[in-house]
Amino acid sequence: MARKKTKNPETTRTPIFARGPFIGSVAKQAMPENEMLPRSAYELIHDELMLDGHSRFNLATFVSTWMEPEAKQLIMETLDKNMIDKDEYPQTAEIERRCVDMLANLWHAPCFKEHATGCSTIGSSEGCMLGGMAMKWKWRVRAKAKGLSTTKPNMVMGSNVQVCWEKFCLYWDVEPRYVPCEKNRFILDPEAAAQLCDENTIGVVAIMGSTFDGRYEPVEKLSRCLDRLQKTKGWNIPIHVDGASGGLVAPFLQPHLKWDFKLSRVKSINVSGHKYGFVYPGVGWVVWREEEDLPKDLIFNVDYLGGQMATFALSFSRPGAQICAQYYNFLRLGQEGYRKILQSLRNTALYLSKEISKMGPFKLVSDGSDIPVFAWTLTKKMNFSLYDLSDKLREHGWLVPAYRMPANREDLIVQRIVIRNGFSFDMAELLLNDIRSALKYFASQPGLKQKQTGSHFKH
Ligand SMILES: Cc1ncc(COP(=O)(O)O)c(C=O)c1O
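Numbering-wise (numbering that gives the first Met the number 0), the sequence shown opens with residue 0 and increments by one.
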C-alpha cells in the first residue's frame with residue numbers, strides 16, 4: 000500500500016516524529032510517490048528493525064554476530080568493491096588468493112606450485128554446490144572412460160546433512176542416498192555409507208560439525224571403508240568434507256584428528272568464513288586438494304592485470320568486504336588467536352551443557368566438545384515441551400531453537416545452543432538463570448497445554 004499523502008511537509012526543522020512519514024502510514028508494496036528526508040527514512044527503517052530478535056541473543060545461528068571495530072572499519076571501507084572485478088581491484092583478488100592458500104595449508108593440502116586451488120563463496124552452501132559439481136564432473140569422466148552410462152549419478156550422505164545438499168542433488172540431478180539415523184546415532188555411519196555406494200556414486204559427504212548436534216562425522220573411518228570398497232569393487236569414490244563449522248574449529252581444537260587433506264581420499268573441503276571464521280554473514284570458502292581435482296572445463300578465465308585469472312563460482316557480483324574481513328581475522332588472530340577464542344568457546348559450551356544436564360529434566364545429545372555446539376532432549380514426558388521452553392526463553396530475548404531430529408528419529412525433539420565469539424561466560428550464567436526460572440514456572444503450571452510444534456526453524 001502506498002504511503003498516504005499528507006499535508007505536513009518534511010523539513011529538517013520539523014521534530015522527527017512530527018514529520019509526514021511518521022504521522023501517516025508508510026509504503027509497503029508500491030514505491031512511494033514522493034521523496035523523504037534521509038534521516039526520516041533511516042529512522043523509519045531503524046525503528047522497524049528493532050522488532051527483530053537481537054542477533055547476539057540468537058543462540059540458533061552459527062553465523063558471526065560480533066566483530067572488532069577495526070574489522071568493521073575495513074568492511075565500511077571496502078563495501079563498494081565488487082570482488083569479481085579482479086582487474087579493477089587486484090589487491091582484493093590477491094587477498095582472496097592468500098586466504099585460500101592459508102586454508103589449504105591449514106588443511107594440509109599437498110604442496111602447491113603458486114597458489115592452492117579454491118575460491119571464496121557467499122557461504123558454505125555455494126561451497127558445497129561447487130564441491131558437488133566438481134565430483135559430478137570427475138565421475139562423468141571416470142564413467143565415460145570405462146564405457147559406463149552417465150545418466151544416473153548418486154551421492155551418499157547422512158540424513159543429518161544440511162539442506163544445501165538436498166538442494167545440490169535436486170538442482171544438479173543427482174540421486175541422494177541417505178544413511179538414516181539409528182537409535183542414538185545422529186551422524187553418518189561409515190560402514191552403512193559404503194554399502195550405499197556403487198559405480199555411479201560421485202562421492203560421499205562427511206560433515207565436520209553436524210548442524211543438528213555439532214558432532215563430527217568419522218572421516219578417517221569413512222576413508223578406510225571406501226579404500227576397502229576400492230580394493231574389492233574397483234570404485235574410487237572421493238570424499239567431500241562439509242566443514243561449514245568444523246573446518247575452522249578442528250585445526251585448532253582437535254589438531255590430531257585426521258579429517259582433512261591428510262587423508263588422500265578427501266578431495267575438497269568447504270567452510271563458512273561467517274561461522275567459526277568469525278566474519279559477518281556473506282563469506283565461505285571451498286578448497287580442492289590438488290589442481291587436478293577441479294575439472295578444467297568448469298573454470299572460467301577473467302582478465303586480471305592484463306593477464307587471466309581462473310574463477311569458478313555460481314554467482315558473479317559479490318561484496319569484496321567480507322573477503323577483506325576474513326583476511327583481517329587471519330592476520331589479527333593468527334593461529335594462536337583462533338585457538339584461544341575457540342578454547343574459551345568450548346569451555347563455555349562444556350560448562351553450559353553440564354549445568355543444563357544437572358537441572359533434572361534434560362539429557363544431553365552432545366556436549367559441545369567437538370564444535371562448541373550442543374543439544375539436549377527431555378529425559379521423560381514432562382508437563383512442558385522443548386517448544387514451550389523455547390517460547391519461555393524468548394520472553395527474555397534468548398532465541399534457542401527446538402526441532403525434530405532427521406529421518407528415522409523424527410520422534411526425538413531436541414534443543415540446541417551454538418556458542419559463538421561474543422557469547423561470554425557471564426551471558427551463559429544469565430541464560431542458565433532464565434532456564435531455571437522457566438522450569439520453576441512450568442512446575443507451577445500443572446495444567447499447561449503442551450506445544451507440539453515449534454517455530455519454523457530450518458537447518
Ligand atoms: C554442515 C553445514 N553445511 C552447510 C551449511 C550452510 O552454510 P551457509 O549458511 O554458510 O551457506 C550449514 C549451515 O549451518 C551447515 O551447518
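In this text, a Cβ means the ideal position worked out from N, Cα and C, and glycines have one as well. Quick caveat: nothing in here was measured; it's all calculated off a predicted structure.
Rounded separation between residue i and residue j - CA only
| i | j | result |
| --- | --- | --- |
| Thr60 | Thr231 | 43 Å |
| Ile74 | Val99 | 19 Å |
| Ala142 | Val248 | 36 Å |
| Met156 | Glu181 | 14 Å |
| Asn199 | Val417 | 37 Å |
| Phe277 | Leu293 | 27 Å |
| Arg214 | Ile15 | 51 Å |
| Thr10 | Gly23 | 16 Å |
| Thr376 | Asp296 | 48 Å |
| Gln72 | Ser148 | 54 Å |
| Ala92 | Gly126 | 18 Å |
| Met404 | Pro445 | 27 Å |
| Pro280 | Ser63 | 7 Å |
| Val240 | Lys391 | 37 Å |
| Val160 | Ala192 | 13 Å |
| Cys110 | Pro89 | 25 Å |
| Leu431 | Arg139 | 53 Å |
| Asn235 | Pro254 | 27 Å |
| Gln521 | Lys112 | The requested residue 521 is not part of the displayed model; the chain covers only 0 to 458. |
| Phe299 | Pro318 | 19 Å |
| Arg96 | Tyr177 | 35 Å |
| Leu78 | Asp84 | 13 Å |
| Ser389 | Glu291 | 48 Å |
| Asp226 | Lys137 | 18 Å |
| Phe167 | Val372 | 25 Å |
Sub-8 Å separation of residue i and residue j beta-carbons
| i | j | result |
| --- | --- | --- |
| Ser271 | Ala243 | yes |
| Gly246 | Gly122 | no |
| Tyr337 | Ile94 | no |
| Glu216 | Ile201 | no |
| Ile268 | Trp106 | yes |
| Val173 | Lys145 | no |
| Ala374 | Arg415 | yes |
| Phe251 | Phe211 | no |
| Ile434 | Ile370 | no |
| Gln451 | Ser384 | yes |
| Ala401 | Val413 | yes |
| Leu58 | Val399 | yes |
| Asn420 | Leu349 | no |
| Met66 | Ala320 | no |
| Val204 | Cys196 | no |
| Leu129 | Val285 | yes |
| Glu219 | Leu169 | no |
| Ala312 | Thr120 | yes |
| Tyr275 | Leu351 | no |
| Ala70 | Asn382 | no |
DSSP three-state assignment for residue i, whether helix, strand or coil
| i | result |
| --- | --- |
| Val140 | helix |
| His45 | helix |
| Asp302 | strand |
| Pro189 | helix |
| Gln321 | helix |
| Gln229 | helix |
| Ile74 | helix |
| Trp171 | coil |
| Ile418 | coil |
| Glu409 | coil |
| Val282 | coil |
| Trp65 | coil |
| Cys224 | helix |
| Ser148 | coil |
| Asp366 | strand |
| Leu129 | helix |
| Asn328 | helix |
| Met308 | strand |
| Lys85 | coil |
Counted within 10 angstroms of its Cβ, other Cβ atoms place residue i as buried (16 or more) or exposed
| i | result |
| --- | --- |
| Asp410 | exposed |
| Ala17 | exposed |
| Lys151 | exposed |
| Ile322 | buried |
| Leu228 | buried |
| Ser316 | exposed |
| Pro68 | exposed |
| Val162 | exposed |
| Asn183 | exposed |
| Lys439 | exposed |
| Phe260 | buried |
| Tyr41 | exposed |
| Ser314 | exposed |
| Arg288 | buried |
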